[in-house]
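Going by full-length UniProt numbering, the residue at position 110 of the sequence shown is 110; the numbering climbs one at a time, nothing skipped.
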Amino acid sequence: MAPKRKQPAQSATKPASKRRSKLAKEHGISPEAEAEIQEIWSMFRREEDGYDEKHGVITAGDAKRCLVALNAPPKNNDAWLELLEIMDPEESGFIEYEQFYAVAALQMNQRAEDPEALHAEVQKAYQLFTKHQDREININDLKRIATELKEDVPDSVLRDMIREATGGELDTVSIDHFEDVMKRAGVFG
């Protein structure tokens with residue numbers, strides 16, 4: 001009887017992360033950002049005669065909606081017109097995937113590098129918890145959010161969340177603590 005082969009040891013390392021595509025490398029974005037672009041594109045894409053069947057196209061109006069959905073909208077109308085000229089230089093009304101991808105990546109990279117834009121995002125998210133009131137987040141805010149999300153979260157867990165956010169203090173979460181938590185979680189910057 002032949003000896004049994006030894007099975008290779010299971011690796012204790014984390015699973016390999018998704019590799020960046022050629023486009024992602026060219027435009028300096030992460031696989032996660034690329035996946036966001038692809039997901040938004042797939043929601044708006046359509047097939048049009050004379051264009052790439054693999055990726056399809058989107059309309060100019062949908063391109064702006066896509067950028068907004070990616071949280072990378074143009075700063076103003078002039079900026080939008082400039083981006084539109086880049087994406088649709090022939091003014092056909094249709095935008096191909098690679099042109100949109102380049103602009104979306106640029107907008108997402110600019111957003112990540114703009115501390116004012118990041119602070120505005122943090123402020124907006126924070127105000128969802130405080131219902132636009134000028135105060136800190138408390139346990140009742142977390143309970144309300146959990147209820148709105150139809151989640152049953154025990155008070156002890158909510159208190160632990162506040163402790164984690166504040167470094168051991170118990171009462172409330174300031175905007176600075178909130179921003180730190182969001183950054184550690186990879187939500188902002």
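Even for Gly, the Cβ is constructed at its ideal location relative to N, Cα and C.
N-terminal and C-terminal residue of the alpha helix (DSSP H) that residue i is part of
| i | result |
| --- | --- |
| V157 | 155-166 |
| P89 | Taken as a continuous stretch (DSSP letters only), P89 belongs to no alpha helix (DSSP H), as it is neither H nor E. |
| Y126 | 115-130 |
| E26 | 22-27 |
Per DSSP, cross-strand counterpart(s) of residue i
| i | result |
| --- | --- |
| R46 | V57 |
| E96 | V57 |
| V173 | I137 |
Residue i, buried or exposed, once every other Cβ within 10 Å from all chains shown has been counted against 16
| i | result |
| --- | --- |
| T166 | buried |
| A63 | buried |
| L70 | buried |
| A24 | buried |
| E179 | buried |
| D171 | exposed |
| A185 | exposed |
Through-space distance from residue j to residue i, alpha-carbon basis
| i | j | result |
| --- | --- | --- |
| Q99 | D88 | 8 Å |
| S174 | E116 | 18 Å |
| F94 | I29 | 24 Å |
| Q10 | A35 | Unreliable placement is indicated for Q10, whose pLDDT of 48 sits below 50; no coordinate value is reported for it. |
| E169 | H177 | 11 Å |
| K22 | W41 | 17 Å |
| N109 | K54 | 26 Å |
| A16 | Q123 | Low confidence applies here, because A16 scores a pLDDT of 46, under 50, leaving its location unreliable; read the following figure in that light. The straight-line gap from Cα to Cα measures roughly 34 Å. |
| D134 | Y51 | 51 Å |
| L106 | D49 | 28 Å |
| F129 | N77 | 31 Å |
| K183 | F44 | 30 Å |
| A120 | R111 | 11 Å |
| V181 | R65 | 29 Å |
| Y101 | A125 | 26 Å |
| residue 191 | E151 | Outside the displayed span of the chain (1 to 189) sits residue 191, for which this structure offers no information. |
Sequence-distant residues of the same chain with beta carbon closer than 8 Å to residue i, five excluded per side
| i | result |
| --- | --- |
| D155 | I139, K143 |
| A60 | L84, M87, D88, G93, F94, I95 |
| E90 | none |
Contacting residues, own chain, Cβ-Cβ under 6 Å from residue i (five flanking each side not counted)
| i | result |
| --- | --- |
| R20 | P31 |
| L158 | I139, L142 |
| E47 | G56 |
Own chain residues within Cβ distance below 7 Å of residue i, not counting five before or after
| i | result |
| --- | --- |
| P74 | L67, W80, L83 |
| K18 | P31 |
heavy atom of the ligand ATP below 7 Å from residue i C-beta
| i | result |
| --- | --- |
| F129 | Summarising the ligand content, the structure contains no ligands, and the ligand ATP is consequently not present. |
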